[in-house]
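Take a look at the structure set out below.
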Amino acid sequence: FNFVKDSKQQKITPVIGFFLSTLNHLSLFFAALLIIQALKFSSLFGFNGTALVNSMMPIALILVCARWLSEILCQDKLELQALGGLVVRDGLVGAKLVRWIGFIYALTIFFKHLTIAGSWSVGTQAVLNFPLLLLVSILLFRLFDLFRYDTIPTSNLIKDVPHQITFQLPKQIQNFMKLVTVIVPILAAAGYLYAAQKLVYPIILSFGLIGLSSIIFGIFYSIFGSLSESPHENKTKTSQSRWALIPVLMVIILGSLNIPIIALIWGAEGSDIHEIWLRLNEGIPLGSARVTLPGLISLVVIFCLGFALTRLIQRVLRTSVLPKTTLDTGGRNALVSGVGYAGIILSTMVAISSTGLDLSSLAIVAGALSVGLGFGLQTIVSNFVSGVILLIERPIKEGDWIEVAGFSGTVRKISVRSTQIQTFDRGTVIVPNSELISGSVLNYTHSNSMGRVRVPVGVAYGTDPRRVEAILLEIATNHPQVLKDPGPSVVFMGFGSDSINFEIRAFMKDVGYVLAIRSEM
C-alpha cells in the first residue's frame, strides 16, 4: 500500500494494513475450516480417522497464526515495530524461523493425536518427538539470538516521530530462554520427554502471547496517537508529552491480562485462577468499607473516563467555543483551567465513591490532618489560593508585560502554584503566586497595549531652545507608532553640566516596541 504519509496518516496507515492482513489470514483459516468440516461430513474415515481430522483444526490455527505473526512482527510490512513491536535484527530470517517453529509445533500436535489413536508406547513417542524437540530448540535459540535489547534498527523507525516506544525483551530474559533451549534436548535425550515438552512448548505459546500483546499495543498506540493529536499542535513538545502516561497505562492493562493466560500456559488450573480471583474480590477492610480489586478497577476506569471527558471539554472550549466569544486570551485560559480543575476534582470524588468508601469519614481524616499539615504546607497553600485568585480576578494574564521581584518580562503561564515569566533575554523566571498577590506588580499591558516612551536629548549651550523643541516634536510626530491623541510633547528638563537637557514624551500604540522606538527617535 502506497499512501501519502503526513503526521496522522503515518500513524493510521499501519492500522489499516494490519486489519487487511488479519482479514486475509482469517479467510485462510476459514477456508481450512470449511475443508475440515467437509472431510468430517464425508464419512470417508473411521473412528481413528475422524480423530485425526479433528486434530487438523488446531493445526490449521497454529499454522495460520505463525504465518500472521511472522509477517506482522518480523517482516514489518505494516511498520508496527516503530510503534511498539518486537525489534528483530534480521526480519526475513526471523519470519522463516517463526513459520518453521509453528510448523513443528503443529506437527507435534498431530503426533499427539496419532499417539492417542494408535496407543503408542513411551519409547515410540520418544523416538518420534526427540528430533522435533531438537529442531525446535535450535530454531528457538536462533530466534532469541535475533532479538536485541541494546540495538534498534534505524530502518524500523519512522522519521520525524519522537519518543517512539519499542517493546523489547530484556537481555537477561533472552539469555535465560537460550539456556532453556539448550537444556531441553539434553532432558529429552536423558529420557525426560514430558519434562522437555513442558519446557519448550509453553515457551512457544508465551512468545506468541507476547508478540500478540505487542501488536495490540502498537495498534492502540497508533489509533490513540492519531485521534489525540491536534492539527495545530502536532509538533509541539506539549502535545508530545501530554499523553505520555497513556502507553504506560496500556502496558499495565496488557500485562494484567497476560498474567492469568501465562499461568494457564505453564500448567495452572482454571480452578486456581478462579480461587485467586475470589480472594482478590474479598478485598482489604478499610474502616466500615472494603477495598476490592473490582472496586479499584472501577476507580481507575471512572477516573480515566472523567479525565478524558474533561480534556475533551477543554479542547472543545479552546478550539470551537471560546474563539467565537469576546473574551481575551487570558480569560479563555482562565476558563479552560477552571474547567480542568473542576473536572479532575469531580472525577476523583465520583471514582472514590464508586469503590464504596464513605467520603464523610475521609473528610474527618482530612480535617484532622489539615491542622498539622497547615503549618508545614502554609507556603504551598498560600501559593495555591493566590493562583486561584489570579485566575479569577486576573490582575495579570498570559501575554502581559510585567515587572515583579526585580524581573521584567512576558507572562507565559499561570498555574495554581507559580507563574512563569519569560524575560527579554529568553530566560524563564518562576515567581510564586503569593508574591504577585501580596507584592507590588507593574503591569504595562493590564488594560491595553498602549504605553509611553521617554527619550532624553542633550544639546550644547547656545542652541536655540525653541528650534530644539520644534525639531524633536517633528521627529516624534512623524513616527508611525506614535499616537496623535494624546499627542507627543517635548519637555525642558534642566541645565546639565555640559548640555541643555530635553525629553521627548509620546504615547505609542504598542509598548512592546518601546526600545526600538526610543532607538529610532
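Take the sequence shown: its letter number 419 is residue 419 in my numbering, and every next letter is one higher.
No residue lacks a Cβ here, since even glycine has one placed at the ideal position from N, Cα and C.
Considering Cα atoms alone, identify which of Ile252, Leu515, Glu71 is closest to Gly17.
Translated into positions along the sequence shown, residue 17 becomes position 17. With distances taken between Cα atoms, Gly17 lies closest to Glu71.
From the DSSP secondary-structure annotation, give me the bridge partner or partners of Met450.
Working through the sequence shown from its first residue, we reach residue 450 at position 450. Met450 pairs with nothing; no bridge assigned.
In angstroms with no decimal places, state the Cα-to-Cα distance between Val301 and Ser440.
Counted from its first residue, the sequence shown places residue 301 at position 301. Counted from its first residue, the sequence shown places residue 440 at position 440. Looking at the two C-alpha atoms, the distance is approximately 46 Å.
Leaving aside the five residues before and after Leu436 along the sequence, list all residues of the same chain whose C-beta is less than 7 Å from its C-beta, in chain order.
Locating residue 436 in the sequence shown gives position 436, counting from the first residue. Once the five neighbours on either side are set aside, the close Cβ partners of Leu436 are Ser386, Leu390, Ile396, Val404, Thr419.
When you compare the CB positions of Glu398 and Val411, do they come within less than 8 Å of one another, or not?
By 1-based counting over the sequence shown, the position of residue 398 is 398. By 1-based counting over the sequence shown, the position of residue 411 is 411. It is a contact, given that the beta carbons lie within the stated cut-off.
Determine the contact status of Ile59 and Ile109, defining contact as a CB-CB distance below 8 Å.
By 1-based counting over the sequence shown, the position of residue 59 is 59. By 1-based counting over the sequence shown, the position of residue 109 is 109. Yes, they are a contact pair.
Does the distance from the CB of Met57 to the CB of Leu26 come in under 8 Å?
By one-based count along the sequence shown, residue 57 stands at place 57. By one-based count along the sequence shown, residue 26 stands at place 26. Contact flag unset, no.
Just to confirm my understanding: we take Leu483, look at its own chain, exclude 5 residues before and 5 after, and list those with CB closer than 6 Å. What are they?
For this step, residue 483 is matched to residue 483 along the sequence shown. Correct list, in chain order: Phe507.
Is it true that the segment 304-316 meets the segment 330-340, where meeting means three or more beta-carbon pairs spaced less than 8 Å apart?
yes
Can you name, in chain order, every residue of its own chain whose Cβ lies under 6 Å from the Cβ of Leu346, other than the five neighbours on each side?
For the purposes of this step, residue 346 is identified with residue 346 of the sequence shown, where counting begins at 1. Taken in chain order, the list of residues that qualify is empty.
Gly102: which of Ser119, Arg332, Leu114, Leu133 sits nearest, CA to CA?
Along the sequence shown, one-based indexing puts residue 102 at 102. The option with the nearest alpha carbon to Gly102 is Leu133.
Pull the bridge partners of Ile421 from the DSSP assignment, please.
Reading the sequence shown from its first residue, position 421 is the one you call residue 421. BP columns for Ile421 point to Val411, Val429.
Element boundaries [beta strand (DSSP E), containing Ala506]:
Position 506 of the sequence shown holds residue 506. That run of the beta strand (DSSP E) goes 500-508.
Give the range of the beta strand (DSSP E) segment to which Ile396 is assigned.
For the purposes of this step, residue 396 is taken as the residue at position 396 of the sequence shown. Segment: none, Ile396 is in no beta strand (DSSP E) and carries neither H nor E.
Strand pairing of Pro456, partner residues [DSSP]:
Taking the first residue of the sequence shown as 1, we reach residue 456 at position 456. In DSSP, Pro456 forms a bridge with Glu503.
State the Cα-Cα distance for the pair Leu212 and Gly255, rounded to the nearest angstrom.
On the sequence shown, position 212 is the one that residue 212 refers to. On the sequence shown, position 255 is the one that residue 255 refers to. Taking the straight line from one Cα to the other gives about 12 Å.
Residue environment, Gly494, which counts as buried when at least 16 other CB atoms sit within 10 Å:
Within the sequence shown, numbered from 1, the residue matching residue 494 stands at position 494. By the 10 Å Cβ count, Gly494 comes out exposed.
For Leu442, name the three-state secondary structure that DSSP assigns.
Numbered from 1 along the sequence shown, position 442 holds the residue referred to as residue 442. Strand.
Would you kindly work out how many angstroms separate the C-alpha atoms of Cys304 and Thr310, rounded to a whole number?
Locating residue 304 in the sequence shown gives position 304, where the first residue counts as 1. Locating residue 310 in the sequence shown gives position 310, where the first residue counts as 1. Cα to Cα, the separation comes out at about 10 Å.
Can you tell me which of the three DSSP states Glu403 falls into?
Taking the sequence shown and counting its residues from 1, one reaches residue 403 at position 403. Strand, per DSSP.
Could you tell me how far apart the beta carbons of Leu434 and Asn383 are, in whole angstroms, since I believe they sit closer than 8 Å?
As a working mapping, residue 434 is identified with position 434 in the sequence shown. As a working mapping, residue 383 is identified with position 383 in the sequence shown. Looking at the sequence provided, one finds Ser at residue 434 rather than Leu. Sure, about 5 Å apart at Cβ, within 8 Å.
Residues in the same chain with beta-carbon distance under 8 Å from Ala516, minus the five sequence neighbours each way, listed in chain order, please.
Taking the first residue of the sequence shown as 1, we reach residue 516 at position 516. So the list is empty, once near-sequence residues are dropped.
DSSP state of Ser489 mapped onto helix, strand, coil
Start at 1 with the first residue of the sequence shown, and residue 489 comes out as number 489. Looking at Ser489 - three-state DSSP - the assignment turns out to be strand.
Provide the residue span of the alpha helix (DSSP H) that contains Lys178, from first to last.
Locating residue 178 in the sequence shown gives position 178, counting from the first residue. Element bounds for Lys178: 171-189.
Taking its Cβ as the centre, do 16 or more other Cβ atoms sit within 10 Å of Gly208, making it buried, or is it exposed?
By 1-based counting over the sequence shown, the position of residue 208 is 208. Result: buried.
Distance check for Val127 and Ile165, CA to CA, integer angstroms please.
Along the sequence shown, one-based indexing puts residue 165 at 165. Along the sequence shown, one-based indexing puts residue 127 at 127. Because Ile165 carries a pLDDT of 44, less than 50, the predicted location of this residue cannot be relied on, and no value is offered for it.
Are Ala106 and Leu63 closer than 8 Å when you measure CB to CB?
Residue mapping note: residue 106 aligns to position 106 of the sequence shown, counting from 1. Residue mapping note: residue 63 aligns to position 63 of the sequence shown, counting from 1. Contact: yes.
Cross-strand partners of Val482 (DSSP beta bridge):
For the purposes of this step, residue 482 is taken as the residue at position 482 of the sequence shown. According to DSSP, Val482 bridges with Met508.
Among the residues of its own chain, which have a CB less than 7 Å from the CB of Gly496, if the five just before and after it don't count?
If you number the sequence shown from 1, residue 496 lands on position 496. Counting only Cβ-Cβ distances below 7 Å, and skipping sequence neighbours, we find Gly458.
The alpha helix (DSSP H) spanning Gly306 covers which residue range?
Working through the sequence shown from its first residue, we reach residue 306 at position 306. That run of the alpha helix (DSSP H) goes 293-316.
Can you name the start and end residues of the alpha helix (DSSP H) that Ala516 belongs to?
What you label residue 516 is simply residue 516 of the sequence shown in a count that begins at 1. Here the alpha helix (DSSP H) through Ala516 covers 514-520.
Measuring alpha carbon to alpha carbon, tell me which residue in Lys509, Leu143, Val180 is nearest Leu73.
Here residue 73 is taken as the residue at index 73 of the sequence shown, counted from 1. Minimum Cα distance to Leu73 is reached at Leu143.
Which residues bound the alpha helix (DSSP H) around Leu146?
To locate residue 146, count along the sequence shown from 1; it is residue 146. It spans 122-146 - the alpha helix (DSSP H) in which Leu146 sits, taken as one unbroken run.
For Leu473, tell me which candidate among Ser43, Gly462, Pro456 has the shortest Cα-Cα distance.
Taking the sequence shown and counting its residues from 1, the one referred to as residue 473 is at position 473. Out of Ser43, Gly462, Pro456, Pro456 has the C-alpha closest to the C-alpha of Leu473.
Between which two residues does the alpha helix (DSSP H) harbouring Ile72 extend?
Within the sequence shown, the letter at position 72 stands for residue 72. First-last for Ile72: undefined, no H or E at that position.
Closest Cα partner of Gly123 within the set Gln174, Ala189, Asn175, Val98
Walking along the sequence shown from the start, residue 123 turns up at place 123. Checking every option, the nearest Cα to that of Gly123 belongs to Ala189.
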